[in-house]
Amino acid sequence: ALLALLIWSQIGPTRMDPSNTMNIALLDPGQPGAARERPRDAALMRGWLAEELQDAIRARPAERVALWHDGLGRSQKRNKLPALTAAEPGEREAEARRVAERIGADVVISARVEGEAGTRRLQPEFYIFSRLAPEAGESIGRYAFGAPIPLPPDLAAADALRRDGIAKELAQRAKLLHRLLLALREDALGRHAESLALLEELERDLGLAGLTDEQVVARAGSISGLDTLYYFLGREKLFLGRSDEAEADAWRAAQINGDDPRPWIILGGALLRQSEAVDPATALEPDGLLDRAEQAYGEAVRVSADGSTANAVARLALGNARVARGATLYATGGDDESARAAFEQAAEELTPLLATLELEKQYRMLAQCRSYLGAARLYEGSLAERGGDDEAARGLLEEAQAHFNECVAQGEKLPEDATLRDRIIGGVCEPARQQAAQALLELGGG
129 ALLALLIWSQ
139 IGPTRMDPSN
149 TMNIALLDPG
159 QPGAARERPR
169 DAALMRGWLA
179 EELQDAIRAR
189 PAERVALWHD
199 GLGRSQKRNK
209 LPALTAAEPG
219 EREAEARRVA
229 ERIGADVVIS
239 ARVEGEAGTR
249 RLQPEFYIFS
259 RLAPEAGESI
269 GRYAFGAPIP
279 LPPDLAAADA
289 LRRDGIAKEL
299 AQRAKLLHRL
309 LLALREDALG
319 RHAESLALLE
329 ELERDLGLAG
339 LTDEQVVARA
349 GSISGLDTLY
359 YFLGREKLFL
369 GRSDEAEADA
379 WRAAQINGDD
389 PRPWIILGGA
399 LLRQSEAVDP
409 ATALEPDGLL
419 DRAEQAYGEA
429 VRVSADGSTA
439 NAVARLALGN
449 ARVARGATLY
459 ATGGDDESAR
469 AAFEQAAEEL
479 TPLLATLELE
489 KQYRMLAQCR
499 SYLGAARLYE
509 GSLAERGGDD
519 EAARGLLEEA
529 QAHFNECVAQ
539 GEKLPEDATL
549 RDRIIGGVCE
559 PARQQAAQAL
569 LELGGG
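In this text, residue positions in the sequence shown follow our numbering: the first is 129, and each later residue adds one.
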């Protein structure tokens, strides 16, 4: 009997297969503040979600997506998955991260049950912690997926019509979520065109293509998760250089959910990209593209939690916007002091992020931060040289070169990240460090 018990205890895997392209863990809904107690109808709701997700996964076997949940047999999964019970969003994200790390999941899907008796509500949420690109900027972390769903005091004891309505709502969200996650996998790997194609297909299937902003916002009341959909549509379009379209999608997402910092970050990026395509005087106009970009990034900083990934991304982006302002002022050639002040503001915003990003192994973001700091110092060195201070120019150019070297070094830590390799290092840091080296040679300091 003891031997049989020992054999039984070893049946089933404790970690998800790393050869899958995406591993999803579906947890039972939890009650904030309830250490171990789960809602009495948690397994019922998890079962509805699991059934719909599994059907969607089976329909696309080539995607190699795996789903773990507590409805699986012992041979498929040995360990019981915990429910998330922390009351604060940041603490729940930390709980979800621990689950993901322990079992090798890329995505953790959960829900929290709030309220008592007649006021109970179910808030579905999911968390992205990709093994493939853990530094993938503001896309990593927690998402509240749609508005809370009203629940009866006991779902199992509710009438069939009420249960069927909730089951259908959860099924609709599960279908949308599965297709979003396939697009997010492509995004995390830097394959933005492939991600956008999946998202636009989903937008068409939902009957949203061609609608006005007002019509889309109105539909958000009946289709859950549209803020997330339009945030990612804007994100992919921004990566692909379609900044006008990215601005429109990000603005839609912000109108649907203005408390999420992510759409504000994409909105700022779209406006900043547009500022690069106009003459400097136009970009610098009051309430113009640069002002609006900084305002959008400032809003992202304001609504994001201190210490969160989104907050770090927002601060990184705000620093970059200030580098862009300084570069635009530099190009006009008429206000070197204002340009220098913008570069110093950028350095003050960005320098404190370096240690945090290094500690959290956010390699893509760390490379971006180094590239922005390098650009600020490169411009400041040129300003110093233009003003006749070669000694100061040499020190600033050496600092710029060091930042660009550190940017390039991040590529060795994440060689599979196409965005890091091609856009940030190949497109920015490699040519910029050559420019810094050439400037130092001309000054006699290289």
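Heads up, the beta-carbon is just placed ideally off N, CA and C, and yes, glycines get one too. Note that the coordinates shown come from a computational prediction; the quantities given were computed from them, not determined experimentally.
query	result
Rounded straight-line distance, which links the Cα of residue 295 to that of residue 173	8 Å
Limits of the beta strand (DSSP E) - the one that residue 257 falls within	Careful: residue 257 lies outside any beta strand (DSSP E) and carries neither H nor E.
Distance between beta carbons of residue 378 and residue 391, contact taken as under 8 Å	5 Å
Residue nearest to residue 350 in terms of C-alpha spacing, selected from 191, 368, 329, 384	384
Sub-7 Å separation of residue 506 and residue 564 beta-carbons	yes
C-beta atoms of residue 428 and residue 399 nearer than 7 Å	no
With 16 other Cβ atoms within 10 Å as the buried cut-off, status of residue 147	exposed
contact_flag[the stretch 333-349, the stretch 311-321] where n(CB pairs < 8 Å) is 3 or more	no
Distance between residue 284 and residue 423 (C-alpha atoms, nearest Å)	48 Å
Where residue 496 falls, given that 16 or more other Cβ within 10 Å makes a residue buried	buried
CA-to-CA distance, residue 481 to residue 430, given in whole angstroms	17 Å
Spatial neighbours of residue 352 in its chain, beta-carbon cut-off 6 Å, leaving aside the 5 residues before and after	274, 301
Exposure of residue 311, with buried meaning 16 or more beta-carbon neighbours within 10 Å	buried
Terminal residues of the alpha helix (DSSP H) in which residue 209 lies	Neither: residue 209 is in no alpha helix (DSSP H) and is coded neither H nor E.
Given residue 308 as reference, the closest of 293, 515, 570, 254 once Cα atoms are compared	254
Residues sharing a beta bridge with residue 242, DSSP	249
Span of the alpha helix (DSSP H), counted from its first residue to its last, around residue 173	170-186
Nearest neighbour of residue 569, chosen from 538, 525, 546, 555 [CA to CA]	525
Where residue 136 falls: helix, strand or coil (DSSP)	Reliability of the predicted coordinates at residue 136 is poor, the pLDDT of 41 falling under 50, and the value obtained from them is presented with this limitation in mind. Looking at residue 136 - three-state DSSP - the assignment turns out to be helix.
Status (buried if at least 16 other CB within 10 Å, exposed otherwise) for residue 190	exposed
As assigned by DSSP and simplified to three states, the class of residue 533	helix
In chain order, each beta strand (DSSP E) run of at least 3 residues that lies wholly inside the stretch 492-527	none
For residue 198 and residue 156, believed in contact at Cβ under 8 Å, the rounded distance	6 Å
Residue range of the alpha helix (DSSP H) that includes residue 200	That residue, residue 200, is in no alpha helix (DSSP H); it is neither H nor E in DSSP.
Residues of its chain near residue 365, where Cβ-Cβ distance is below 7 Å and the 5 sequence neighbours each way are ignored	324, 373, 374, 377
Nearest residue (CA-CA) to residue 460, options 537, 386, 407, 490	407
Residue 215 vs residue 161 beta-carbon contact at 7 Å	yes
Pairwise C-alpha distance: residue 235 and residue 153	6 Å
Beta-carbon proximity of residue 641 to residue 494, cut-off 7 Å	The requested residue 641 does not occur in the structure, where the chain is confined to residues 129 to 574.
Residue 551 versus residue 360: straight-line alpha-carbon distance, rounded	19 Å
DSSP beta-bridge partners of residue 237	154, 254
Burial state of residue 329, where buried means 16 or more other Cβ atoms lie within 10 Å	exposed
Cross-strand partners of residue 553 (DSSP beta bridge)	For residue 553, which the question treats as bridged, DSSP gives no partner whatsoever.
Own chain residues within Cβ distance below 7 Å of residue 518, not counting five before or after	571
Per-residue burial, residue 183 [other beta carbons within 10 Å of its own, 16 or more giving buried]	exposed
Which of helix, strand or coil DSSP assigns to residue 390	helix
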